[in-house]
Amino acid sequence: MAYADVYAGWKANPEAFWMEQSKSIDWHSAPTHALNATRAPFYEWYTDSMVNTCWNAVDRHVEAGRGAQIAIIHDSPVTRTKHSITYAELRNRVASLAGALRAKGVEKGDRVLIYMPMVPEALEAMLACARLGAVHSVVFGGFAASELAVRIDDCKPKAIIAASCGVEPSRVIHYKPLLDGAIDMATHKPDFCVIFQREQEVAKLIEGRDVSWHGFQYGVEPADCVPVPGNHPAYILYTSGTTGAPKGVVRATAGHLVALNWTMKNVYNVDTGDVFWAASDVGWVVGHSYICYGPLIAGCTTIVFEGKPVGTPDAGTFWRVIAEHKVKSFFTAPTALRAIKRDDPQGKLVADYNLSNLKTLYLAGERADPDTINWAMTALKIPVIDHWWQTETGWAIAANPMGIEALPVKIGSPSVPMPGYDVQVLDEGGHPAPPGTLGAIAVKLPLPPGTLPTLWNAEDRFEKSYLTTYPGYYETGDAGYIDDDGYLYIMARTDDVINVAGHRLSTGAMEEVLASHPDVAECAVIGVADQLKGQSPLGFLCLNAGTTKSDADVIAECVKLMRARIGPVADFKRALVIQRLPKTRSGKILRSTMVKIADSAPFKAPATIEDPAALDEIRTALQTLGLANGTA
C-alpha cells in the first residue's frame with residue numbers, strides 16, 4: 001500500500017487500524033479494543049490487555065529460535081573496548097538482574113531510578129524493571145546532584161541503579177559522589193542502591209544501602225516476566241519544564257509496544273536481524289525508543305555507542321562504527337553532523353570506510369537545516385531523512401515512511417504526518433491556517449498509542465501544559481506550516497518566532513539562510529529586545545575549520561545573503577562569530593537562555609547544558625554589542 005492509502009485507512013477507522021497493528025505483539029491477554037476514551041481528554045490504549053515489555057523485546061526472540069543472534073553491540077572508543085551480547089545471553093542477564101531486584105523487594109509498580117552511562121548494563125537495567133513490571137526512570141548519567149535529587153523526590157524510587165563512573169574523551173566523571181549527594185539532598189530515600197563498578201573507577205559502597213551489581217545477583221533465582229495491564233506505566237522520563245521543574249512524561253506499556261514495533265519497519269525500514277543504530281543516550285527519549293526498546297522489540301541488533309561524533313578519535317568515528325558493524329539504518333541529531341562537517345568540511349573521511357550496508361540516515365532532535373542535509377547526501381550518497389517528534393510523543397509525528405513508500409524528499413521538511421497524528425497548523429485564534437501560513441502546530445486529540453497519557457503525579461499540569469491553549473488539541477510548542485502537498489515544515493519553537501516591527505518571522509528560516517554560507521558550520525538566530533521594532537534578529541556563527549576569510553567579511557556576506565533570501569523585512573544587520581553554541585547534552589541549542597542573556601534578564605543555566613562555559617562566551621560576545629549587561 002502507498003502512504004496515502006495507509007494514512008487514509010487509519011483516518012477512516014483508527015480503531016481497526018490500531019487493533020490490526022496490535023497483532024504483531026505477544027499478549028498475555030490480548031486487547032478487545034484499542035482506544036479507551038472514558039476519561040477524555042485523558043485517552044488510553046489497550047487498557048483491557050495484559051502484556052510484558054521484556055518478553056516482547058527479549059524472550060520471544062529466543063523462543064523463536066533466534067537466541068544466537070546479536071542483540072546488543074557495545075562500541076566504546078573512549079574505553080577502547082567492544083563486545084556483543086546475544087539475545088539468549090541478554091535474556092539470562094536480564095532475568096538474573098530482575099531476580100536479584102525482586103529478592104530485594106522490587107515489585108510491580110515500584111519505581112527504579114537508573115543513572116548510568118552508555119553501557120549495555122543500562123539497557124539490562126531498563127529491561128529488568130520491565131520484566132518485573134517496575135517503572136523505571138532513567139536520568140542522564142552525570143546530571144548534577146541537585147537535579148538528580150529533584151527527580152528522586154518526584155518519582156520516589158524504591159531502588160537506584162547506578163554506575164561508578166562515566167567516561168568522556170578527556171576525563172572520568174565520578175557518578176557515585178553525585179548520587180550520594182543527591183540522596184543526601186532528597187527528602188525521599190531509596191531502600192537500596194545497586195552500583196555497577198567500572199574498571200576506570202571503583203566507587204566506595206555505603207554499608208547497609210549500596211550493593212554491588214554482580215555481587216547481589218549471586219545465588220538468586222532468575223525472574224520470569226510479570227504481565228501488566230496495557231495502561232501500566234512502562235517508564236517515567238523527565239523533560240525540562242518552562243517553570244524549571246522537570247515534567248515526568250509517562251509512557252504506557254501496551255501502546256509503547258505497538259507503536260514502536262510499527263515504526264521499526266514502516267518508518268526506519270528495518271526487519272528482524274538488521275542492524276540499527278541510534279547515536280543518542282539512554283537518558284533521552286531517543287535512547288529509550290530507539291536504542292533500547294524499538295530495535296529489540298523488532299528483533300534487530302542495536303548499537304550502544306560510548307563516544308562522541310568528533311574527537312574519539314576523529315570526525316570519521318561514526319563512519320567507522322557503521323562500516324564495522326554493518327549498520328543498515330542510522331539515526332542521529334543534526335548537531336552531530338554539523339560537528340563532523342565542521343571538522344571535515346569536504347567529507348573526506350567517508351571515503352576511508354565501506355558504507356555499502358547503510359541505506360538511510362535519519363535526523364531528529366534539532367531542526368535539520370538544508371545545508372547539513374545536502375552535505376550529508378553528498379558525502380554519503382544515500383537518502384537523508386529528517387523526521388520530527390518529541391519526548392512527549394515517543395515516536396515520529398511526521399516522517400518519510402521509508403518502509404511503506406519512499407516519498408519525494410523536500411529538504412527542510414520532516415515530510416508528512418504518520419498514522420495516528422492529525423496535524424493542524426493553527427492561527428492565534430486557534431483556527432486552522434491556510435497552506436503556507438506560519439502558525440502553531442497542534443495535533444487533534446486523541447494522540448496515538450505510545451504517546452504520553454499524562455505526567456507523573458501531575459495530571460493538572462499535563463492538562464495546562466498541553467491541552468488548554470487549543471481545546472481538543474495537543475499543543476506541540478512548535479511553530480511551522482503545511483504546504484499544498486501536505487508536507488510539514490517546523491520552523492522554530494513557538495517561543496522562537498520573533499516579532500520584528502509587526503512581522504512574525506521564523507528564526508529557523510533565518511538560520512537556514514546563514515547555514516547555506518559555505519564558511520558557516522553552525523549557527524543560531526535569536527530575537528533581542530528593540531525599543532523601536534519590538535525585537536531585532538541577531539545571528540551567532542560558528543565557522544568551518546580552515547576558513548580563510550575574516551570574521552567581518554563572513555558577517556557582511558551573511559547580512560547580504562539574508563537580505564537577498566528573506567528581504568529587508570528580516571531587518572538582519574548583526575551577527576557574532578563564536579567558537580561554540582551553548583547546547584544541551586542532546587544537542588538542542590539554548591536559544592531561550594541566549595535571549596535572556598542578551599536582554600540582561602535573569603536566567604538559570606539548564607541542568608542539561610553540555611558546557612556551561614559556552615554561556616560565558618555568549619555573554620562576552622554580546623557585550624561587544626552593548627548587550628548582556630545584567631547579572632545571572
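In terms of full-length UniProt numbering, the sequence shown has 81 at position 81, counting the first letter as 1, and numbering is strictly consecutive.
A virtual CB, placed ideally from N, CA and C, is assigned to each residue, including glycine.
Asked                                                                                                                 : Found
DSSP state of H325 mapped onto helix, strand, coil                                                                    : helix
Identity of the residues DSSP links to D530 by a beta bridge                                                          : G534
Neighbourhood of W284 by C-beta distance below 6 Å, restricted to the same chain and skipping five residues each side : S586
Meets three-Cβ-pair contact criterion under 8 Å: the stretch 571 to 584 and the stretch 532 to 551                    : yes
Proximity test, Cβ basis, 7 Å: V595 and chain C                                                                       : The chain labelled as chain C is not found in the depicted structure, where only one protein chain is given.
Rounded separation between G626 and G527 - CA only                                                                    : 15 Å
Through-space distance from G347 to residue 636, alpha-carbon basis                                                   : Outside the modelled stretch of the chain, which goes from 1 to 632, sits residue 636, for which no answer is possible.
For A34, the nearest candidate out of M1, V258, P227 and T239 (CA to CA)                                              : V258
Buried versus exposed, by CB contacts within 10 Å (16 or more), P446                                                  : buried
Proximal residues to A122 (C-beta, below 6 Å), its chain only, five neighbours per side dropped                       : M116 and V282
Integer Cβ distance of V327 from I303, believed to fall under 8 Å                                                     : 7 Å
Rounded straight-line distance, which links the Cα of G99 to that of H431                                             : 54 Å
Where the beta strand (DSSP E) through V258 begins and ends                                                           : It is not in any beta strand (DSSP E) - V258 instead sits in the alpha helix (DSSP H) that spans T253 to N266.
DSSP beta-bridge partners of Q424                                                                                     : A442
Pair within 7 Å by beta-carbon distance, V135 and P233                                                                : yes
CB contact flag (V425, G439, <7 Å)                                                                                    : yes
Outcome for L237 when other beta-carbon atoms lying within 10 angstroms are tallied against a minimum of 16           : buried
Coil, strand or helix - Y46 by DSSP                                                                                   : coil
Cβ separation of R131 and V211, assumed to be a contact under 8 Å, to the nearest whole Å                             : 19 Å between Cβ atoms; not a contact.
C-alpha distance - I589 paired with V250, whole-angstrom precision                                                    : 25 Å
Given F305 as reference, the closest of S84, V202 and D478 once Cα atoms are compared                                 : S84
Of the residues S280, T81 and L380, the one placed nearest Q200, counting alpha carbons only                          : T81
Inter-residue Cα distance where the pair is L473 and D371                                                             : At residue 473 the sequence reads Tyr, which differs from the Leu that was named. Taking the straight line joining both Cα atoms gives about 33 Å.
Pick from S592, D611, T608 and I609 that is closest to P602, judged by C-alpha positions                              : S592
Own chain, CB closer than 8 Å to D274, minus 5 neighbours either side, in chain order                                 : C300, T301, K328 and S329
A607 vs E168 beta-carbon contact at 7 Å                                                                               : no
Assigned secondary structure, G299 (DSSP; H/G/I helix, E/B strand, else coil)                                         : coil
The stretch 261 to 268 touching the stretch 57 to 65, judged by at least three CB pairs closer than 8 Å               : no
Environment of W18 [buried if 16+ CB atoms lie within 10 Å]                                                           : buried
Pairwise C-alpha distance: P41 and C523                                                                               : 39 Å
Contact check, Y353 vs A398, beta carbons under 7 Å                                                                   : no
C-alpha gap between H325 and S137, whole angstroms                                                                    : 30 Å
F196: first and last residue of the uninterrupted beta strand (DSSP E) it sits in                                     : F192 to F196
Check whether I498 and T476 have beta carbons under 7 Å apart                                                         : no
Complete alpha helix (DSSP H) runs within the stretch 100 to 177 (minimum length 4 residues, chain order)             : 120 to 132 and 145 to 155
Cutoff 8 Å; reference D483; Cβ partners in own chain excluding five residues on either side                           : K410, S413, P435, G436 and Y489
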